[in-house]
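Asks: Next up is a structure, given as structure tokens.
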Amino acid sequence: MSTVAPPNNLATLSAYGKARSTVTETPLSADELRKTDAFWRACSFLSLGMIYLIDNPLLTEPLRPEHIKNRLLGHWGSSPGLSFIYVHLNRLIKKYGLDMIFLAGPGHGAPGVLGPAYLEGTYSEVYPDKSEDFEGLREFFKQFSFPGGIGSHCTPETPGSIHEGGELGYVLSHACGAAFDNPQLIVAAVVGDGESETGPLATSWHINKFLNPGRDGAVLPILHLNGYKINNPTLLARIPHEELESLLRGYGWIPYFVEGSDPDSMHQAMAATVEHCVREIRTHQQEARENNVISRPRWPMIVLRSPKGWTAPAEVEGHRLEGFWRAHQVPLPNVKKDPVQLRLLEDWMRSQRPEELFDGNGKFASEFRELAPTGTRRMSANPHANGGRLKKALRLPDFRQYGIKLEKPGQMQAENTRPLGIFLRDVMKMNMGNFRVFGPDENTSNKLDAIYQVAKKFWIEEYFPEDSDGGELSNDSRVMEMLSEHTMEGMLEGYLLTGRHGFFSTYESFVHVIDSMFNQHAKWLEICRHLSWRESIASLNLLITSTVWRQDHNGFTHQDPGFLDVVVNKSANVTRIYLPPDVNSLLSVADHCLRSQNYVNVIVCDKQMHLQYMDMESAITHCTKGIGIWDWASNDEGGEPDVVMASAGDIPTQEALAATVLLRQEFPDIKIRFINVIDLFKLQPSTEHPPWAF
Ligand SMILES: Cc1ncc(C[n+]2csc(CCOP(=O)(O)OP(=O)(O)O)c2C)c(N)n1
Ligand SMILES: [Mg+2]
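Quick look at the structure:
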């Protein structure tokens, strides 16, 4: 067998020419083709308008410097490809009445998503001042990447978005979470070819092993192989064709290629390919649903190889532009000052033929508008992408029943997380359609394994006989475990953002792996607070266990309480940290967190044996206050104490109590007040810390 790599045939890696595609049908009539291309040109025109124009939105007059924004921001490179995909998905939504949402991995290409959201009317419905006329269009352009306007990514302000795509890497895990328990939904997820070099994205190709074709929706990944990142080629666009295909097949997908730049043949190829994929998805789902046989299908995916910055001028000032990394952001940065660049931009924008696309009032011509779906079938108006609209409250058992009885504080020991596992088991039992538990590989280690009595770990791969001995695997289950904190966090976020509920547990030291994902989700929630049309979603509940103090067999690598540093620098509007020291307080905190909305709740609680301090009633009172004096551990009797001992969390509380005992032994007259903190943000003024409502 030869070990020499086959020579790269450059022609097979080109993003240019007539379409080369795996599916070769040409389903569009001449009229459909003309209209589809017009819709796409309208999207591209709007993308350019957003990036460049502050006035003269439809080029009704010759373009002059005063029509150009002072500061040019945004990303052109990804945008035409994104809207190309969007337009073709729309065709299938209309044709088959699909329930579909759109996630743009390279969310920096927001113009390519905002454009169709405006053209299909949703944008003006959500933001009436961005109306479907000349004035509205001007406002729509102006606000983009403008002070007081919207950002240049698929931010929460973007109707239809649940994925900002600012920090790259999470599109497939978000898409998968959105598809769980939504059997009719297809989540179209565009993956940037640069994005696919990130760790989180690379591992998330495995989502196909977590989708149940009987009960879940489908994810349709579209790898956007435009060849470049900001300043570099992408790896996947430069490896041999056959190697890329093998890679994707190796991850369990059937890739369908659509490659080229000639618009007409690319439209035909894309139309045929999307249709083929949707039909395959439907066939797999039907087989599973009608015959009740759950196995992993080889789901389809699309590889779209098209030029970065498609339709931009080929060259500017002697430098290659279209089909190169120079097209990533603002391709003609000097249009305001340089008359040559201004003319280039004008020619480029006019080449989209705006006069054909918009009527005299600036409204998108109805013969093209008809191509878009209507109402909630529009991806920009699909309620799954404003998940709070679909959210049903969790049904919760009475957490008090799961507590432990104790006579006196500090006398007995128990494993703090074990009763929580039993509580979660019953939460699961009562919410088998809209609650899931996520964890990298540690639910048992974290002593939450009671959950498996009602829902096992989802496993759709091969089984060995020994798996039946404690493996807790099933292909019809709701606990998600994969050794990728990124994928688990991403799935949970996607699940919550589409209106469901969940719980995530992980080791304290390795929760750092998702520091940045936590940040991004918290920022998303913060922005949503200011958007009245975004409905509340369930909080993201994160239990961190295996804490720094108890790493006898693991050592230093497993010690690091620093995640809390990351959390405290986000506002109490969207984050909470709870440090319950015992079983009953943990249960009370967990119940509260599962009821809460629009937060990231971080619960720190170790899984080993710990002293128990509070009976259930005292735990509830203490948790409700969030901070309090423990009279039984104090001897200041309401007077002025000599020393205040303050603790938060299981081991610090135990150690602080032991220190109190020692102090009182050494200094019998000393007056000590003992304070325990459960809700860390209670240390902030109450004005910055809304109360805990039961
Ligand atoms: C995790 C992460 N690292 C770096 C960046 C900065 N960044 C923004 S866009 C980009 C290139 C993305 O390339 P690709 O995914 O191919 O998207 P394209 O613009 O080509 O569609 C980079 C590196 C980022 N947004 N996220
Ligand atoms: Mg790219």
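Residue numbering for the sequence shown follows the numbering used here, beginning at 1 and increasing consecutively.
From the three backbone atoms N, C-alpha and C, an ideal C-beta is built for every residue, glycine too.
No experiment lies behind these values; they were computed from the predicted model shown.
1) Report yes if the CB atom of residue 583 is closer than 8 Å to the CB atom of residue 471, and no otherwise.
2) Quick one: residues in its chain with C-beta nearer than 6 Å to the C-beta of residue 149, no 5 flanking neighbours on either side, listed in chain order?
3) With hydrogens ignored, establish whether the beta-carbon of residue 152 is closer than 7 Å to any heavy atom of ligand 1.
4) Considering only the beta carbon of each residue, do residue 340 and residue 92 sit closer than 8 Å?
5) Where does residue 1 fall in DSSP's three states?
6) Touching or not, the stretch 619 to 636 and the stretch 442 to 454, by the rule of three or more beta carbon pairs under 8 Å?
7) Give every residue of the same chain whose Cβ lies closer than 6 Å to the Cβ of residue 297, excluding the five residues on either side of it in the sequence, and list them in chain order.
8) Just to confirm the assignment, what range does the alpha helix (DSSP H) spanning residue 281 have?
9) Answer with buried or exposed for residue 408, where buried requires no fewer than 16 other C-beta atoms within 10 angstroms of its C-beta.
10) For a test of the three-state rule: what should DSSP assign to residue 483, helix, strand or coil?
11) Indicate whether residue 208 and residue 253 have their beta-carbon atoms separated by less than 8 Å.
12) Three or more C-beta pairs under 8 Å: does that hold for the stretch 511 to 523 against the stretch 134 to 143?
13) Is the separation between the beta-carbon of residue 98 and that of residue 43 shorter than 8 Å?
14) Is any heavy atom of ligand 2 found at a distance shorter than 7 Å from the C-beta of residue 86?
15) Near residue 134, what residues of its chain come up, given a Cβ to Cβ distance below 7 Å and the 5 sequence neighbours on each side ignored?
16) Give the single residue among 359, 358 and 332 whose Cα lies nearest to the Cα of residue 347.
17) Per DSSP, which residues does residue 576 bridge with? Please list them.
18) Thinking C-beta only, is residue 538 closer than 8 Å to residue 575?
19) I need the DSSP call for residue 589, collapsed to helix, strand or coil.
20) Alpha carbon to alpha carbon, how far is residue 293 from residue 162?
21) May I ask you to check if the CB of residue 309 is nearer than 7 Å to at least one heavy atom of ligand 2?
22) Tell me whether residue 59 sits in a helix, a strand or coil according to DSSP, three-state version.
23) Please name the residue in 395, 275 and 101 whose C-alpha comes closest to that of residue 160.
24) Thinking C-alpha only, which one of 468, 431 and 506 is nearest residue 478?
25) Any heavy atom of ligand 2 closer than 7 Å to the Cβ of residue 194?
26) Might you give, ordered along the chain, the residues of its own chain that have their beta carbon closer than 6 Å to the beta carbon of residue 601, omitting 5 neighbours on each side?
27) Ligand 2 and residue 457: does any heavy atom of the ligand fall closer than 7 Å to the residue's C-beta?
28) Taking the alpha-carbon positions, what's the residue 169 to residue 109 distance?
29) Alpha carbon to alpha carbon, what distance is there between residue 655 and residue 550?
30) Tell whether a beta-carbon distance below 8 Å holds between residue 673 and residue 636.
31) Do you know whose CA, among 34, 434, 669 and 396, lies nearest residue 424's CA?
32) State yes or no: is the C-beta of residue 227 nearer than 7 Å to some heavy atom of ligand 2?
33) In angstroms, rounded to a whole number, what distance separates the CA positions of residue 274 and residue 465?
34) Tell me whether the beta-carbon of residue 306 lies closer than 8 Å to the beta-carbon of residue 261.
35) According to the Cβ coordinates, are residue 35 and residue 368 closer than 8 Å?
36) With DSSP collapsed to three states, give me the class of residue 384.
Replies: The relevant details are as follows:
1) Residue numbering aside, residue 583 sits at position 583 when the sequence shown is read from its first letter. Residue numbering aside, residue 471 sits at position 471 when the sequence shown is read from its first letter. Cβ atoms of residue 583 and residue 471: not closer than 8 Å.
2) Along the sequence shown, read from residue 1 onward, the residue named residue 149 stands at position 149. Within the same chain, residue 149 has close Cβ partners 143.
3) Residue 152 sits at position 152 when you count from the first residue of the sequence shown. Result no, Cβ not under 7 Å from ligand 1.
4) To locate residue 340, count along the sequence shown from 1; it is residue 340. To locate residue 92, count along the sequence shown from 1; it is residue 92. Cβ distance not < 8 Å, so residue 340 and residue 92 don't count as in contact.
5) Numbered from 1 along the sequence shown, position 1 holds the residue referred to as residue 1. Bear in mind that a pLDDT of 47 at residue 1, under 50, signals an unreliable position, so the model cannot answer this.
6) no
7) Taking the sequence shown and counting its residues from 1, one reaches residue 297 at position 297. So the qualifying residues of the chain are 213 and 284.
8) Position 281 of the sequence shown, counted from the start, is the residue given in the question as residue 281. That run of the alpha helix (DSSP H) goes 263 to 291.
9) Here residue 408 corresponds to residue number 408 of the sequence shown, with the count starting at 1. Exposed.
10) In the sequence shown, the residue the question calls residue 483 occupies position 483. If DSSP states are grouped into helix, strand and coil, residue 483 belongs with coil.
11) The residue you call residue 208 lines up with position 208 of the sequence shown. The residue you call residue 253 lines up with position 253 of the sequence shown. Yes. Within cutoff.
12) no
13) For this step, residue 98 is matched to residue 98 along the sequence shown. For this step, residue 43 is matched to residue 43 along the sequence shown. No. Outside cutoff.
14) Counting from one through the sequence shown, the residue named residue 86 turns up at place 86. For ligand 2, not one heavy atom lies less than 7 Å from the Cβ of residue 86.
15) Position 134 of the sequence shown, counted from the first residue, corresponds to residue 134. 57, 58, 361 and 362, listed in sequence order.
16) Indexing the sequence shown from 1 puts residue 347 at position 347. When only C-alpha atoms are compared, the closest one is 332.
17) On the sequence shown, residue 576 is found 576 positions in, with the first residue counted as 1. Paired residue(s): 601.
18) Translated into the one-based positions of the sequence shown, residue 575 becomes position 575. Translated into the one-based positions of the sequence shown, residue 538 becomes position 538. No; because the gap between Cβ atoms is not below 8 Å, this pair is not in contact.
19) Reading the sequence shown from its first residue, position 589 is the one you call residue 589. Helix.
20) Here residue 293 refers to the residue found at position 293 when the sequence shown is read from its first residue. Here residue 162 refers to the residue found at position 162 when the sequence shown is read from its first residue. C-alpha separation (whole angstroms): 31 Å.
21) Start at 1 with the first residue of the sequence shown, and residue 309 comes out as number 309. Outside the cutoff, so no.
22) Residue numbering aside, residue 59 sits at position 59 when the sequence shown is read from its first letter. It is coil, neither helix nor strand.
23) Numbered from its first residue, the sequence shown carries residue 160 at position 160. Looking at the Cα atoms, 101 is the closest of the given residues.
24) Position 478 of the sequence shown holds residue 478. For residue 478, the nearest C-alpha among the options comes from 431.
25) In the sequence shown, residue 194 corresponds to position 194, counting from 1. Result yes, Cβ under 7 Å from ligand 2.
26) The residue you call residue 601 lines up with position 601 of the sequence shown. Cβ within range, chain order: 539, 541, 576 and 593.
27) Taking the sequence shown and counting its residues from 1, the one referred to as residue 457 is at position 457. No.
28) Here the question's residue 169 lines up with position 169 in the sequence shown. Here the question's residue 109 lines up with position 109 in the sequence shown. So the alpha carbons of these two residues sit roughly 15 Å apart.
29) Residue 550 sits at position 550 when you count from the first residue of the sequence shown. Residue 655 sits at position 655 when you count from the first residue of the sequence shown. Distance between the alpha carbons of residue 550 and residue 655: 13 Å.
30) As a position in the sequence shown, residue 673 is number 673, starting the count at 1. As a position in the sequence shown, residue 636 is number 636, starting the count at 1. Yes, they are a contact pair.
31) On the sequence shown, position 424 is the one that residue 424 refers to. Minimum Cα distance to residue 424 is reached at 396.
32) As a working note, residue 227 is residue 227 in the sequence shown. Residue 227 Cβ: within cutoff of ligand 2.
33) Taking the sequence shown and counting its residues from 1, the one referred to as residue 274 is at position 274. Taking the sequence shown and counting its residues from 1, the one referred to as residue 465 is at position 465. When rounded, the distance between both Cα atoms is 40 Å.
34) Your numbering for residue 306 matches position 306 in the sequence shown. Your numbering for residue 261 matches position 261 in the sequence shown. Cβ atoms of residue 306 and residue 261: closer than 8 Å.
35) Start at 1 with the first residue of the sequence shown, and residue 35 comes out as number 35. Start at 1 with the first residue of the sequence shown, and residue 368 comes out as number 368. Result yes, Cβ atoms of residue 35 and residue 368 sit closer than 8 Å.
36) Here residue 384 refers to the residue found at position 384 of the sequence shown. Three-state DSSP puts residue 384 in a helix.
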